[in-house]
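As structure tokens, the structure follows; a few thoughts come after it.
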Amino acid sequence: MPKNLLYVISVLIVSSVYYCSLSAQNNLDKSTIQIPFEVYKTTNDTISIHDIIKSDTLFRSSKYFTKKTSPKDIYWIKIDLTKELKVLETDSLWFLKSCNYGHASMFCIENNTLVEKKFGLFDGSEKMNSIFYIAKIPFEQRSLIKNRFIYLKIRRLRYSDRVTNWKFHYASQTINQSAQNYYSQKNIKIPIRKYVFSGVCLVMFILTLAFFITSRNIEFLFYSLYIFCLFIYLNGTLLIANNIIFDNYSIITYWFFQIAQVLINLCYVYFVSFYLATKKDYPTLNRIIKWIIYTLITIIILDSLFLYFNYFTGAIYIMNIQRFVMTLFGIGGMIYLLLTAKNRLAYFIVAGSFLFMIGTLGFFFFKTSIYMMAGATLEIIIFALGLAYKIHQEHKEKLLFEKESFINNCKALRAQINPHFIFNSLGSIQHLIVFEKKEAALKYLKKFSLLMRNLLENSIETNILLSDEINLLHQYLELETLRFDTSFEYTIHVDDVLNTDAEEVPMLIIQPFVENAILYGLLNKNGGSKKLNICFRKEKKYIICEVDDNGIGRSAAKNINSSLKKTTKSRGLELTEKRLQRFHKSEEKNIEIIDKIDTYGASIGTRVIIKIQTE
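Anchor point for the sequence shown: position 124 equals 1550 in the numbering used here, and the numbering is continuous, going up by one each time.
Given below as structure tokens:
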């Protein structure tokens, strides 16, 4: 009981400390004080701070400036701290906080001298050591001009916005230090979202790149690059990439993130082109994609030139053109694919692109990346499903192609067997006619025509029922017994558990082995009975067929120059071995030949075991 009570008290203490700490963090934002300001707008960069101090009447309220800013405009900001003087007396050092501007300077008094302190992103005054970086400039109460004013000189270079959106705060040294050491609940949500999005990007980047390396499908390469550029653009500050890659935020950093936007779209259109095979299936869309690619490459070149010559207005303008072009392309492309979709792949592109476009519009209208990250995450998931679906479809097509190829090969091999068998049968009829065995010849011809009819009826199919195969085997053996004056006997046995009407085998797959047993084993035997036994049984996923003869065996057959043996190896047997190799889905041995011997080591025949896969 005391232990449980101690545990409860410990939990309450820890929770209280955590709550107090979190409450203190949440009060950080409330501890900064917003201050009003006035603005003087000009394009004359030669105006000095001394001229500004003498011309206080030029300043107007920020509400007066309703138009968006331009990179060529210079904004002088006058902050009047008269009402805050009593507060400023409570601490020796204060920090002025504001948005991040391209070029920015604060003018104040130090050692009775008017000095300029630069704090713009492109001024290289301070490294961005936090993903929540905002500009902050230290000042003291005695630093105020005329004991009441702070003057700022600002140029908004990276994008255009309204002066009415600008805000300035000041905070004490204690609050500023606390803000660096603690995050508020609001701030904590931001990195959590970014880390989740980064995790999604990392997993998909590795997977798609691995698929590209293994499959060499180019769409996987462009999609992995697309994800990488998307991560850099949205989450580049998460790992403080500015300091790692560029040492600090500069025009080069700005150019890099500008180009990342274009590369996102460039990789995207390349991905769509290869994923949908637009060159073959969507020629109109393919032509538009080519035009888009040329446009994006031109934008990269122009944006680089503009920033090299510090022409920020042109850079903003060209990026707005890029967004407008890609928006039109996205909307038009989605409508086109919905109307002309040739397969389900198009719908994956439409769904993913639509969600990403909604997120992008939310990003530009509400000025928060959470919408774009949400849209991009959903798009990545949909495109991942689309890529998986395409892999599945390609695998099915590959299997179908292999099946068709296998069927065609089997037909080709079977077509070679049929002439071989026909040639032998016609030779037998000729043999009977030459020796004036007319009745036997007519009987043989009748059975031969019946066999040929059955062969032609089944010639369309690659495989036939085992019952039909056994029937053809019966007819063939009857022909052979007539051909050789019933000089041998044969039996065909089928195991009771084997359903011959439910199993399929390649047509005439057993006949060459039977022919081999008759010609090379039984007919060369002198004296004694000549028997041929054929057995069929089921063994797991195989149909096992045994062709057993009591002939002279393989060794003796090789030494006999039989008048019936035309070649050293039966052509039909060779072709059948190839057919079995193609028919089997595994590399297991499918033909086994056993030489039978008696107790004295003499040959007493041959047994051939054929395994035919059924599953």
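Beta carbons: idealized from backbone N, C-alpha and C, even for Gly.
Residues near residue i by beta carbon distance below 8 Å, same chain, minus five either side
i	result
residue 2047	Look at the range of the chain in this structure, 1427 to 2041, and you will see that residue 2047 is not part of it.
residue 1492	1588, 1590
residue 1988	Any reading at residue 1988 must be qualified, since the residue scores a pLDDT of 48, below 50, and its modelled position is unreliable; the value itself is stated next. Around residue 1988: 1945, 1946, 1949, 1950.
residue 1751	1718, 1721
residue 1880	1894, 1897, 1898, 1901
residue 1508	1574
Residue i classed as buried or exposed, judged by whether at least 16 other C-beta atoms fall within 10 angstroms
i	result
residue 1694	buried
residue 2126	The question about residue 2126 has no answer, for the chain in this structure spans 1427 to 2041.
residue 1524	buried
residue 1625	exposed
residue 2038	buried
residue 1736	exposed
residue 2007	exposed
residue 1849	exposed
residue 1645	buried
residue 1704	buried
residue 1967	exposed
residue 1938	buried
residue 1913	exposed
residue 1680	buried
residue 1902	buried
residue 1925	exposed
residue 2028	exposed
residue 1536	exposed
residue 1592	buried
residue 1953	exposed
residue 1763	buried
residue 1713	exposed
residue 2020	exposed
residue 1387	For residue 1387 there is no data in the structure shown, the boundaries of the chain being 1427 and 2041.
residue 1979	buried
residue 1792	exposed
residue 1943	buried
residue 1687	buried
residue 2026	exposed
residue 1685	buried
residue 1867	buried
Cβ neighbours of residue i in the same chain (closer than 7 Å, five flanking residues each side left out)
i	result
residue 1463	1488, 1503, 1504, 1505, 1594
residue 1994	Any reading at residue 1994 needs caution, since the residue's pLDDT is 42, under 50, leaving its predicted position unreliable; the model's value is listed next. Answer for residue 1994: no residue qualifies.
residue 1496	1586, 1739
residue 1519	1564, 1566, 1599
residue 1661	1620, 1623, 1624
residue 1690	1652, 1655, 1656, 1659
residue 1572	none
residue 1963	1921, 1924, 1970
Residues near residue i in its chain [Cβ-Cβ closer than 6 Å; skip 5 each side]
i	result
residue 1744	1725, 1728, 1729
residue 2035	1972, 2018
residue 1977	1947, 1948, 1951, 2031
residue 1788	1797
residue 1778	1805, 1808, 1809
residue 1917	1959
residue 1800	1785
residue 1892	1926, 1929, 1931
residue 1542	1531, 1533
residue 1991	Its pLDDT being 46, under 50, residue 1991 is placed unreliably in this model, and the coordinates cannot settle the point.
residue 1386	Nothing in the structure corresponds to residue 1386, since the chain is present only between 1427 and 2041.
residue 1823	none
Nearest-angstrom beta carbon gap, residue j and residue i [assumed within contact, 8 Å]
i	j	result
residue 1915	residue 1869	18 Å between Cβ atoms; not a contact.
residue 1563	residue 1522	5 Å
residue 1889	residue 1930	4 Å
residue 1935	residue 2002	6 Å
residue 1905	residue 1872	At roughly 10 Å, the Cβ-Cβ gap does not stay under 8 Å, so residue 1905 and residue 1872 are not in contact.
residue 1701	residue 1816	7 Å
### Query
Are the stretch 1769-1777 and the stretch 1623-1643 in contact at 8 Å, needing three or more beta carbon pairs?
Flag = no, the stretch 1769-1777 and the stretch 1623-1643 do not touch.
#### Entry: Length at least 4, wholly inside the stretch 1561-1640: the alpha helix (DSSP H) runs in chain order
1599-1607
#### Entry: Those runs of the alpha helix (DSSP H) which lie wholly inside the stretch 1685-1729 and span at least 4 residues
1704-1707
### Query
Would you call the stretch 1475-1488 and the stretch 1571-1580 touching, i.e. three or more CB-CB distances under 8 Å?
At 8 Å Cβ cutoff, the stretches touch.
### Task
List in chain order: all unbroken beta strand (DSSP E) runs of 3+ residues lying wholly within the stretch 1459-1521.
1464-1468, 1500-1506
### Task
Could I get the ranges of all uninterrupted beta strand (DSSP E) runs contained in the stretch 1916-1989, with 3 residues as the minimum, in chain order?
1930-1932, 1957-1965, 1968-1975
### Start-end ranges of the alpha helix (DSSP H) lying completely within the stretch 1738-1826, minimum 4 residues
1738-1766, 1771-1792
### Message
Measuring CB atoms only, is the stretch 1890-1903 touching the stretch 1917-1931, in the sense that at least three cross pairs come out at less than 8 Å?
### Response
Three or more beta-carbon pairs separated by less than 8 Å link the stretch 1890-1903 to the stretch 1917-1931, which places the two stretches in contact.
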